[in-house]
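Enquirer: For the sequence shown, position 208 (counting from the first letter as 1) is numbered 622 according to this note's numbering, and the numbering increases by one without interruption. From the three backbone atoms N, C-alpha and C, an ideal C-beta is built for every residue, glycine too.
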Amino acid sequence: MYVTIVHIQVKPEHVADFLGAIRRNHENSVREPGNVRFDILRSVDDPARFVTYMAYRDEASGKAHTSTAHLLAFREEVADWMVVPRQNVRYDGLFPADAQVGAGEPAQARGGPMYVTLVYVHVKPEHVSDFIESIRVNHEGSICEPGNLRFDILQSADDPTRFVAYEAYADEASAWAHKETPHYLRWRDQVAGWMAEPRQGVRYDGLFPALGSVPAE
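#1: When DSSP labels each residue in this structure, what does Glu581 get in the three-state scheme?
#2: Pro520: buried (16+ other C-beta within 10 angstroms of its C-beta) or exposed?
#3: Could you check how far apart the C-beta atoms of Ile422 and Val465 are, in whole angstroms? I think they sit under 8 Å.
#4: Are there three or more Cβ pairs, one per stretch, closer than 8 Å when the segment 534-541 is compared with the segment 603-621?
#5: In chain order, what residues of the same chain lie with their CB nearer than 7 Å to the CB of Gly516, ignoring the 5 residues before and after it?
#6: Please work out which residues of its chain come closer than 8 Å, Cβ to Cβ, to Ala589, disregarding the five sequence neighbours upstream and downstream, and give them in chain order.
#7: I think Glu547 touches His592, with their Cβ atoms under 8 Å apart; what is that distance to the nearest whole Å?
#8: Could you tell me the distance, in whole angstroms, from the CA atom of Gly507 to the CA atom of Val533?
#9: I'd like the list of long-range same chain contacts for Pro510, defined as Cβ closer than 6 Å, with 5 residues on each side in sequence excluded.
#10: Shortest alpha-carbon distance to Asn439 belongs to which of Ser481, Ala462, Asp472, Val417?
#11: Leaving out five residues before and five after Pro574 in sequence, what residues of the same chain have Cβ atoms less than 7 Å from its Cβ?
#12: Whose C-beta lies closer than 6 Å to the C-beta of Gly448 among residues of the same chain, with five residues either side of it excluded?
#13: Let me see if you follow: with CB-CB separation under 8 Å, is Ile567 close to chain B or not?
#14: Just reading off the alpha helix (DSSP H) that His650 is part of, what are its end residues?
#15: Do you know whose CA, among Val551, Pro527, Val458, lies nearest Arg600's CA?
#16: If the criterion is Cβ atoms closer than 8 Å, does the pair Val497 and Val424 meet it?
#17: Which residues in the same chain have their Cβ closer than 8 Å to the Cβ of Ser556, if we skip the five residues on either side of it in sequence?
#18: Please say whether Trp495 and Phe432 have beta carbons closer to each other than 8 Å?
#19: Is Tyr618 closer than 8 Å to Val444 when the C-beta atoms are compared?
#20: Excluding the five sequence neighbours on either side, which residues of its own chain have a C-beta within less than 6 Å of the C-beta of Arg500, listed in chain order?
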C-alpha cells in the first residue's frame with residue numbers, strides 16, 4: 415500500500431468547522447479508484463490535533479488524490495484554520511499485503527469512535543528483516559481478534575529502520591485484550607532486543623469512517 419500520514423493542528427476556534435470539512439473530504443476520498451483507507455483520527459490529549467491516514471493500492475492512485483476537486487476544495491477551505499502547515503509523512507504499507515485488502519462487508523453498526531493507537535517503532539538496522547517477519551506473524555494473529563478493525567504495518571519510505579503499527583479496535587476493551595493474546599506476547603518478547611529505542615504508542619479516536627461503516631478485514 416502507498417500510505418501517507420498527515421499530521422494536522424487546527425486553531426481551537428475552528429475545530430468544529432474543520433470536522434465538517436474533513437468529513438466531506440473523507441466521504442469523497444473513500445470513493446476514489448484505488449483508495450484503501452482514508453481514516454480521520456483525533457488526538458485524545460488535544461482535540462485540536464488530527465491525523466489523516468491515507469492508504470492507496472499504488473503510487474499512481476495515491477498521487478491522483480492530490481489533484482481531485484474535493485481535496486483542492488478542502489485545502490482552500492481549511493487554509494486559514496491551520497496553526498502550522500500540515501505535515502505529510504510517507505510510508506510503505508507492508509501488511510496487509512495489497513491482495514488481502516478488500517472492501518469487505520460493513521461491520522455491525524455501533525456507537526462511538528474507533529479506539530486507535532499509532533505505535534512508532536525504531537529497529538536496530540541488523541534486525542530489520544527479523545522484525546518484519548516477526549511483525550507479520552503478529553499482524554496475522556491480530557486481524558483475527560474480536561473487535562479488530564485495522565492492524566496495518568508500515569515502513570518509513572525514508573528510513574527502513576522505522577515502522578508504524580496502526581491498530582484500530584471497536585472499543586477499549588478489545589484493544590486491551592490484544593495485549594493478552596499469545597501472538598502479541600510472543601512478538602513482544604521476541605523483538606525486545608531488536609529495539610533501537612522504546613516503542614511509543616500515541617492514542618487517537620477514529621472519527622471517520624464511523625464504526626458502523628468500517629469494512630471488516
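Expert: Judging by the given coordinates:
#1: Counted from its first residue, the sequence shown places residue 581 at position 167. Strand.
#2: Taking the sequence shown and counting its residues from 1, one reaches residue 520 at position 106. At Pro520 the pLDDT is 31, less than 50, meaning the model places this residue with poor confidence; the figure from the coordinates comes in the next sentence. Result: exposed.
#3: For the purposes of this step, residue 422 is identified with residue 8 of the sequence shown, where counting begins at 1. For the purposes of this step, residue 465 is identified with residue 51 of the sequence shown, where counting begins at 1. Contact flag correct, Cβ pair sits at about 7 Å.
#4: yes
#5: Here residue 516 refers to the residue found at position 102 of the sequence shown. Caution is warranted here: a pLDDT of 46 is assigned to Gly516, below 50, making its placement in the model unreliable, and no coordinate value can be reported.
#6: Stepping through the sequence shown from its first residue, residue 589 is reached at position 175. Taken in chain order, the residues that qualify are Tyr529, Thr531, Gly561, Glu581, Tyr583.
#7: Indexing the sequence shown from 1 puts residue 547 at position 133. Indexing the sequence shown from 1 puts residue 592 at position 178. Not a contact, Cβ separation roughly 20 Å.
#8: Taking the sequence shown and counting its residues from 1, one reaches residue 507 at position 93. Taking the sequence shown and counting its residues from 1, one reaches residue 533 at position 119. Near 14 Å, if we compare the C-alpha coordinates of Val533 and Gly507.
#9: Translated into positions along the sequence shown, residue 510 becomes position 96. There are no such residues.
#10: As a first step, residue 439 must be located in the sequence shown, where it is residue number 25. Per the Cα distances, Ser481.
#11: For the purposes of this step, residue 574 is taken as residue 160 along the sequence shown, with counting starting at 1. Val542.
#12: Counting from 1 along the sequence shown, the entry for residue 448 is found at position 34. Excluding residues within five positions, the ones whose Cβ falls inside 6 Å are Tyr470, Arg471, Ser475.
#13: In the structure shown, chain B does not exist; there is a single protein chain.
#14: Outside the displayed range of the chain (415 to 631) lies residue 650, so it cannot be described from this structure.
#15: Position 186 of the sequence shown, counting from 1, holds the residue named residue 600. Arg600 has its Cα closest to that of Val551, out of Val551, Pro527, Val458.
#16: Locating residue 497 in the sequence shown gives position 83, where the first residue counts as 1. Locating residue 424 in the sequence shown gives position 10, where the first residue counts as 1. Contact: yes.
#17: Within the sequence shown, residue 556 is the residue found at index 142, counting from 1. The answer, listed in chain order, is Asn562, Phe565, Glu581, His592, Thr595, His597, Tyr598.
#18: Mapped onto the sequence shown, residue 432 falls at position 18. Mapped onto the sequence shown, residue 495 falls at position 81. Cβ atoms of Phe432 and Trp495: closer than 8 Å.
#19: The residue you call residue 444 lines up with position 30 of the sequence shown. The residue you call residue 618 lines up with position 204 of the sequence shown. No, Cβ-Cβ distance for Val444 and Tyr618 is not below 8 Å.
#20: Here residue 500 corresponds to residue number 86 of the sequence shown, with the count starting at 1. Same-chain partners within the cutoff: Val420, Ile422.
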